[in-house]
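Single-structure report; data block below.
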Amino acid sequence: MSASLPIPFAIGEIVWRCGNGHVEEYLVCPECAGTKALTLVQGNGEQVFIACACCSLGSDPPSGRVKRTRFEHRPERFLCARVDVNGDVIRYRDDALSCSYCEATRLFRSHEECQRACDAENAQRAEEEKARAIANLASKRRDMAWSVHYWGRKVRDLAKDLETARARLAVCKDRA
Ligand SMILES: [Zn+2]
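According to our numbering, the sequence shown is numbered sequentially starting from 4.
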């Protein structure tokens with residue numbers, strides 16, 4: 004008795020896979036429009052100026068620019084040189100490409116089909132990048148609101164301390 008397993012691509016067959024590709028680009032900060040500062044209007048109508056947190060990394064000063072990743076997956080020729088079957092997962096390897104095994108479901112016979120898969124992946128990753136940027140913006144806005152609240156309270160407390168210190172000195176002067 005013998006058993007045979009059909010594989011989707013023959014060894015030696017040239018197919019297409021979604022090649023990795025992305026470009027890091029810098030855009031003008033959407034929060035401060037590149038000015039590195041923001042004007043915040045507090046609940047009591049008071050305006051405060053604050054360094055933009057959206058375009059500053061860690062404790063660095065704001066740069067007025069934000070980094071974005073643009074995904075550019077493109078079809079790449081793939082030679083099915085080796086096959087690996089593990090359970091129902093079939094993977095191929097192209098020895099010339101510096102990558103590990105690629106799943107058969109991510110390989111395509113036609114360039115057009117692969118291009119469509121690349122376009123879909125680029126669109127999906129662009130959406131994810133956009134969602135991440137929006138979440139980051141919301142988080143930075145919360146940080147800035149907290150910062151304005153914190154430093155505003157600090158200024159009021161210090162002003163009160165200064166007033167108390169001056170009053171003490173006035174008493175000392177009276178006695179002298
Ligand atoms: Zn900014």
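Backbone N, C-alpha and C define an ideal beta-carbon position, used for all residues, glycine too. Keep in mind the model is a prediction, meaning the values are calculated, not measured.
Residue environment: Phe52 is assigned as exposed (fewer than 16 neighbouring CB atoms within 10 Å of its CB, all protein chains considered).
Ala84 and Glu75 have their C-alpha atoms roughly 26 Å apart.
If the five residues before and after Leu8 are omitted, its C-beta is found closer than 8 Å to the C-beta atoms of Val88, all from its own chain and listed in chain order.
The beta carbon of Lys70 sits closer than 7 Å to the beta carbons of Glu27 and Tyr29 from its chain, once the five residues preceding and following it are set aside; these are given in chain order. Across the structure, Ala148 and Pro11 are spaced so that their CA atoms are roughly 57 Å apart. Excluding residues up to 5 positions away in sequence, Ala56 lie with their Cβ nearer than 7 Å to the Cβ of Asp146 in the same chain. Relative to ligand 1, the beta carbon of Pro65 is positioned inside 6 Å of a heavy atom. Looking from the CA of Arg112, the closest CA among Cys58, Ile17, Ser5 and Leu41 belongs to Ile17.
Residues Glu106 of the same chain have their beta carbon placed closer than 7 Å to that of Val92, with the five preceding and five following residues left out of the count.
Distance from Gly37 to Val31 at the Cβ level is roughly 4 Å; contact confirmed, criterion being Cβ atoms closer than 8 Å. Judged by DSSP secondary structure, Asn125 falls within the alpha helix (DSSP H) whose first and last residues are His114 to Arg178. Taken from the Cβ of Cys57, at least one heavy atom of ligand 1 lies inside 6 Å. Boundaries of the beta strand (DSSP E) harbouring Lys70: Arg68 to Phe74, taken from the DSSP string. Under the rule that a run must span 3 or more residues, the beta strand (DSSP E) segments found entirely inside the region 26–60 read 40–44 and 50–54. Setting aside the 5 residues that flank it on each side, His25 is surrounded in the same chain by Thr72, Arg73, Phe74 and Glu75, each with a C-beta closer than 7 Å to its C-beta; the list follows chain order.
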